[in-house]
Amino acid sequence: NDEGAARVIAAIASALGCLLVFVLPRDVTQEPKGRLAAWSSSAFFPSWEANDEGAARVLTRIRPHEFQLFARGWSDLELATIAKIVAAEQRLRSEVPKALSDAPGAAPLFDAAGAAGAATAVAEPATFRFVHKKTYATSEPIKAAMFLQQFFGGKADSSPFQHHCRGKNGTSLEQPESKNVYWPATKEQPRGFTVHFVRNPHKAPQKQRMNASDLGLWVEKWRGNFSAINRFDQFMDNHLGLVFDSLDPLVDSWRSAGVPFICRTWCCGPGMTQFPLHCPGLIPNVAYCEQGCYVEAPHGIIVEALCGLEGYNASRKCLTKVEPDRMKIFDPCTDK
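Under our numbering, read the sequence shown as residues 10 to 345, first letter to last.
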């Protein structure tokens, strides 16, 4: 019956942790003559006048697109029960003189915002197109850009333009500064790629301790010569990954200039000194494999150069100039 169905739907709503629209027929002989007491707290569900047999009540409001999303998760039995409740409401509306939407203090179930939401719910999702750029905050954008040009094959923009702030703020704070580095279009990245370095001293927290510039300088100082101890730290997980066909030319350039770097791999297979007894968790890995070397740009910014994403053999061939004992396997359970 309708009363039992209402209990089923109320239980469903409770389990879902959300409130849905329930229209509940009620025997008015159980209520004071001419008034229907609210099924739930009157603070949320005001009562209204009705004089005929039966009436309807709303547990709470819900917008069309929300109802649609909830309905998709219901079983056939739950959906059939809801349909029965709605049918009961439709019968009641044809019998009760005052429709629910005309009840004193009652708000419409569906408003303009709800209608817009419903349209959004059925619209086509946004389509991803391509990666355009990565932006880093740093105290020295030009220096960082020139670093990537020298050691990662990018091209720093040659524009001399910089913003110059005037007035009180222009003299009490550093001037803003920015610089871009561009990589050309490739088959895999047909629109090229840009890294944008920026210093924004006029933005919050301005001169306060541990602003974006201070944080980068602190990380750089704390990290020190990470190449000497061959250590991967937590801050390195916030990095950009650039894919190359081979990392050997990059390793040569870093070593010639004394640039600290460390290299890691996900591989653990035949030909590696760690295989098979020292693979992380004693689990060999030749299915998903890549090699990556990490370098620090000014200041505290980590950039990863990767190769060998095609497979194990490709990974083993694209980086040959790092000694086996320096090529550690990623292992989340160690401090290296």
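Each residue gets a CB set at the ideal place from its N, CA and C atoms; glycine is no exception. Because the structure is a prediction, the values reported are computed rather than measured.
Check: Nearest CA to the CA of E186: which residue from T203, E313, K152?; Outcome: K152
Check: Flag this pair as yes or no: are the beta carbons of Q300 and C277 separated by less than 8 Å?; Outcome: no
Check: Does the segment 244-254 come close enough to the segment 297-311 to have 3 or more Cβ pairs within less than 8 Å?; Outcome: yes
Check: Please confirm if the segment 284-291 is in contact with the segment 208-216, defined as three or more CB-CB distances below 8 Å between the two stretches.; Outcome: no
Check: Could you check what DSSP says for V140 in three-state terms: helix, strand or coil?; Outcome: coil
Check: Which partner residues of V346 appear in the DSSP bridge assignment?; Outcome: The requested residue 346 does not occur in the structure, where the chain is confined to residues 10 to 345.
Check: Do A306 and V207 count as a contact pair if the criterion is CB distance below 8 Å?; Outcome: no
Check: Which term fits E332, buried or exposed, when burial requires 16 or more other beta carbons within 10 angstroms of its beta carbon?; Outcome: exposed
Check: How about M142 and H205: do their beta carbons lie closer than 8 Å?; Outcome: Per the sequence presented here, residue 142 reads as Lys, with Met not at that position. Going by C-beta atoms, K142 is nearer than 8 Å to H205.
Check: Straight-line CA distance for K93 to A132?; Outcome: 29 Å
Check: Determine the closest residue to D261 out of K330, S103, V228, with distance taken between C-alpha atoms.; Outcome: K330
Check: Is it buried or exposed for L86, if we count other Cβ within 10 angstroms and need 16 for buried?; Outcome: exposed
Check: Between W192, P258, D254, P293, which has its C-alpha nearest A323's C-alpha?; Outcome: D254
Check: In the DSSP output, which residue or residues are listed as bridge partners for R208?; Outcome: E186
Check: Any idea what DSSP makes of N294, helix, strand or coil?; Outcome: strand
Check: If distances are taken between C-alpha atoms only, which option among N234, M336, E319 comes closest to G267?; Outcome: N234
Check: Could you tell me the distance, in whole angstroms, from the CA atom of M336 to the CA atom of P258?; Outcome: 17 Å
Check: Leaving out five residues on either side along the sequence, give the residues of the same chain with a beta carbon under 6 Å from the beta carbon of D36.; Outcome: Confidence at D36 is low in this model, with a pLDDT of 39, below 50, so its placement is unreliable and no value can be given for it.
Check: Just to confirm my understanding: we take T144, look at its own chain, exclude 5 residues before and 5 after, and list those with CB closer than 6 Å. What are they?; Outcome: H205
Check: Quick check on the DSSP output: the beta strand (DSSP E) that includes T274 runs from which residue to which?; Outcome: 270-274
Check: Going by the DSSP bridge assignment, what does K192 pair with across the sheet?; Outcome: As written in the sequence, residue 192 is Trp, which differs from the Lys given in the question. Note: W192 sits in a beta bridge opposite F202.
Check: Compare the Cα-Cα distances from E197 to each of S84, A96, L251 and report the closest residue.; Outcome: L251
Check: Inspect the beta-carbon positions of C302 and C272 and report whether they are closer than 8 Å.; Outcome: yes
Check: Should Y191 and D166 be called a contact, given that it needs their Cβ atoms to be closer than 8 Å?; Outcome: yes
Check: DSSP has K345 in a bridge; who is on the other side?; Outcome: Paired residue(s): none; K345 is not in a bridge.
Check: Within 7 Å: the Cβ of I310 and any heavy atom of the ligand HEM?; Outcome: This structure does not include the ligand HEM; it has no bound ligands of any sort.
Check: Helix, strand or coil for C277 per DSSP?; Outcome: strand
Check: Between F270, T136, I338, G290, which has its C-alpha nearest T282's C-alpha?; Outcome: I338
Check: Buried or exposed: which applies to K188, given that a residue is buried once 16 or more other Cβ atoms fall within 10 Å of its Cβ?; Outcome: buried
Check: On the three-state DSSP scale, how would you describe A153?; Outcome: helix
Check: To the nearest angstrom, how far is the alpha carbon of L226 from that of S148?; Outcome: 8 Å
Check: Give every residue of the same chain whose Cβ lies closer than 7 Å to the Cβ of L256, excluding the five residues on either side of it in the sequence, and list them in chain order.; Outcome: Q300, C302, A314, C316, C327, L328
Check: Would V140 pass as a contact of F202 if the rule is Cβ separation under 8 Å?; Outcome: yes
Check: Taking DSSP's pairing of strands, which residues face K164 in a bridge?; Outcome: Y191
Check: Please return the same chain residues whose Cβ sits closer than 6 Å to the Cβ of S49, not counting the five positions on each side in sequence.; Outcome: Only weak support exists for where S49 lies, its pLDDT of 32 falling under 50; the value from the coordinates is given anyway. Correct list: empty, nothing qualifies.
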